[in-house]
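Position 118 (the sequence shown) corresponds to 1174 in my numbering; numbering is contiguous. Read the structure below first, then the notes.
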Amino acid sequence: MTISTKTNVFLLTCYFLGTACGQLTYSLASGESTVFQSPGFSSSGYSDNMFCQWTFTSPADTYLTFTFTAFNVESGYDYVYIGTEAGVGPLSRLNSYTGSTIPDDYQPGGNTAAITLATDGSVTEQGFSVTVTASGEQRK
Ligand SMILES: [Ca+2]
């Protein structure tokens, strides 16, 4: 019975983590744009101790571009990362952001990219809103 209880606690924890992050994968058609907002953006902001990774994909001959329209995470403690594929591995081209300066447009260089939000145990802010666009043109 002990094993069963631990398993249930584990599954419950996963359930809540998943719920806090919301929908995790997004697929865009060529030429399509979508506005993505971090959890709680339009209400009380994001939460402590979050680790959420959202993956965006578009057709093979397109490139994803991230255009931030609002950005505020606790400077030096909470971070937003954008990288190719599944995010934070050594092969990813990874940009990291913290603080309240709205980042420049960023094109990771392919048709798959992930945004990660990692927050520590205290102090939260509004988070970010970003427009993700699948375009047939690659920037220089
Ligand atoms: Ca924080």
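We put the beta carbon where it would ideally sit given N, CA and C, even for glycine. These numbers were taken from a predicted model, which means no experiment stands behind them.
Rounded straight-line distance, which links the Cα of residue j to that of residue i
i: T1189; j: F1124; result: 11 Å
i: D1160; j: T1121; result: 11 Å
i: S1156; j: S1094; result: 14 Å
i: F1184; j: G1101; result: 9 Å
i: G1087; j: P1115; result: 10 Å
i: F1097; j: Q1182; result: 5 Å
i: N1105; j: A1085; result: 33 Å
i: T1090; j: Y1162; result: 15 Å
i: D1176; j: V1186; result: 22 Å
i: N1167; j: D1117; result: 7 Å
i: Y1137; j: S1099; result: 22 Å
Residue i beta carbon near ligand 1 (any heavy atom closer than 7 Å)
i: S1152; result: no
i: S1103; result: no
i: Y1049; result: Since the displayed the chain opens at 1057 and closes at 1196, residue 1049 lies outside it and no answer follows.
i: T1175; result: yes
i: S1094; result: no
i: V1136; result: no
i: E1130; result: yes
i: V1179; result: yes
Cβ shell of residue i (< 8 Å), same chain only, five flanking positions each side left out
i: E1193; result: Y1119
i: G1165; result: Y1119, T1140, R1149, Q1194
Collapsed DSSP secondary structure at residue i in the structure displayed
i: A1076; result: helix
i: T1157; result: coil
i: M1106; result: coil
i: V1091; result: strand
Beta-carbon proximity list for residue i, same chain, < 6 Å, skipping 5 on both sides
i: I1158; result: F1124, F1127
i: A1174; result: F1107, Y1135
Same chain, Cβ closer than 7 Å to residue i, neighbours up to 5 away in sequence not counted
i: S1083; result: T1113
i: V1179; result: E1130, Y1133
N- and C-terminal bounds of the beta strand (DSSP E) containing residue i
i: I1171; result: 1168-1174
i: V1188; result: 1183-1191
i: F1127; result: 1119-1128
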